Amino acid sequence: MRVLAIGECMAELAPAAEPDDYHLGFAGDTFNTAWYLARLRPDMDVSFFTAVGTDPLSYQMREAFATSGIDSSYVLSVPDSTVGLYMISLENGERSFSYWRGQSAARQLATNPQLLARAMTEVDLIYFSGITLAILDVTSREILLDALRVARASGKVIAFDPNLRPRLWSGTSEMTATIMQGATVSDIALPSYEDEAEWFGDDDPIATVDRYASAGATTIVVKNGADAVHFRHGDMSGVMPVPPLNHVIDTTAAGDSFNAGILAGIAENAPLNDSITLACRLAGAVVQGKGALVPIDPTLFDAVSVKGNENA
Ligand code: ADP
C-alpha cells in the first residue's frame, strides 16, 4: 500500500532547556500523520506532497522528510519563497503559538495539476485535511478537489480530516462549505467531535457521523479526546471506549497520530475496530510525550489482524 499525504509542513521553534534557547523542528497536521505512519510501518511507501522554498530552511525541511523515511519526490520548489514557521511560547507551563505562514510556499502546492495527478496515480491511498484546503486560494482548491475526485473515480481511497481552523479561513461559512466539499470527494472522514460541534452545531458524535455519511464518506471515525470514538463503516456503526490514561502530558498531534493508526489499519485491510484500537494506542502513547512528533517503538504497534488472508 502506497500512501500520499498532501498539505503543509512548517518549521517549529520550541523552547529548549535553556531560557531563550529554541529548538528547530518540523511539523504540520498532514506531515505529522505521514511521520507517524512511516514510523509505525517502516515498510510502507509514505510520500508527502507539498511545496517548499529554495532557501536553507526549505532544504533542511527536505532533509527532515528523508530522515523520517518519507518520500519527497513530489515536493515542489517555489523560487524566492520559504516555508511557514510557528513558535511555541511557554508561560507558567501554558503553551501558546505564534504563526508566520501567510506567504508559505505550501500555499502553492496545487499550482501544478499535472504533477498532482501523476502523484495520485502512483499511490493507493491519499490523505488531506481541512488545513490543506484552508491554505490554498480558491483556484488551487478547485484543482486539488478535482484531482481528488478523478483519483477517487479511478479507485484510489481518499481520507480526509476536516481539522477545522477558523483562523485560516476568511469566514466560518467559507470554512464549513469548503470542508463539506472536501467530504464529498472522500471515502474516509476522520473528524474531531469538539470542533464539529462548535462549527457545525452537531448535538452529538452520531450527528457528526451522519453528516459525513450524507456527504458520501463510507468510513467515518469521530475522535472525541478521552471520550469514546464513534464510527460507521458501510452499514455497521458503533462506539468504542478510549483506554483511560493517568498522565496526559501534551495532546499536540493526538488527532494526527490517531489518523496514522487508522490509515495503517486500513492499509493492512484490518477490521475497522482493530484499526481504532491501534489508533487509540498510538494516540495514547503520543499524548504521554511532549511535542507533535513523539518517537515511538513500532514493535509495540505490530500489524493488526489482517482480513482477507484467511483463505491464502
Ligand atoms: P484532536 O487532536 O483532533 O482534537 P482528540 O483530542 O479528539 O483529537 O484526540 C484524538 C485521540 O487521541 C482520541 O481519540 C484518543 O484516542 C487520544 N486521546 C486524546 N486525549 C486523550 C486523553 N486525555 N486520554 C486518552 N486518550 C486521549
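Using our numbering, the letters of the sequence shown correspond one by one to residues 243 to 554. Heads up, the beta-carbon is just placed ideally off N, CA and C, and yes, glycines get one too. None of the values given here were measured: they were computed from a predicted structure.
6 Å CB neighbourhood of residue i in its chain, flanking five on each side removed
i	result
A276	A247, V288, F290 and I312
T296	S319 and P321
S346	V325 and G326
S428	I400, F402 and A459
A359	A389
Closest by C-alpha distance to residue i, when choosing among the options
i	options	result
V325	E333, F339, A534 and Y301	Y301
V471	A431, C522, D379 and G458	C522
A455	G424, D469, D539 and A256	G424
A256	T296, Y278, Y328 and S319	Y328
P483	G526, L386, N354 and V536	G526
I330	E254, M362 and G344	E254
F402	A502, L524 and E260	A502
A457	D477, I430 and A308	I430
P404	S412, D437 and N466	D437
Inter-residue spacing [alpha-carbon to alpha-carbon] between residue i and residue j
i	j	result
V490	L282	21 Å
K398	D498	21 Å
A512	Q530	26 Å
A459	A419	16 Å
A593	I373	Absent from the model: residue 593. The displayed extent of the chain is 243 to 554, so no value can be given.
L299	Y341	16 Å
L332	A468	24 Å
M417	S371	12 Å
D516	V464	15 Å
N334	F543	35 Å
L487	Q356	46 Å
D445	Y435	10 Å
D539	L520	13 Å
D379	A361	21 Å
T493	V528	7 Å
Host alpha helix (DSSP H) of residue i (start-end)
i	result
R391	V380 to A395
P447	P447 to A457
L375	G372 to A376
A521	L514 to V528
R304	P298 to T309
Close-in-space but distant-in-sequence residues of the same chain around residue i (CB under 8 Å, 5 per side omitted)
i	result
N553	Note on N553: pLDDT 34, under 50, position unreliable in the model; the coordinate value appears next. Nothing listed; no residue qualifies.
L280	In the sequence on display, residue 280 carries Ala and not Leu. Same-chain partners within the cutoff: M286, V288, S310, G311 and I312.
S382	R349, Q350, L351, A352 and T353
M303	C251, A253, F268, V294 and V325
Cutoff 7 Å; reference residue i; Cβ partners in own chain excluding five residues on either side
i	result
M243	M286, D366, L367 and A509
M422	A457
G476	T460
S315	S289
I462	A431, V451, Y454, A455, F473 and R474
Unbroken beta strand (DSSP E) run spanning residue i, endpoints
i	result
Y264	Y264 to A269
P257	M252 to P257
G424	Premise fails: G424 lies in the alpha helix (DSSP H), T414 to T426, not in any beta strand (DSSP E).
R244	R244 to I248
Any residue whose CB is nearer than 6 Å to a heavy atom belonging to the ligand ADP, listed in chain order: S434, K465, N466, G467, A468, V471, V484, L487, V490, T493, A496, G497, F500, C522, A525, G526 and V529
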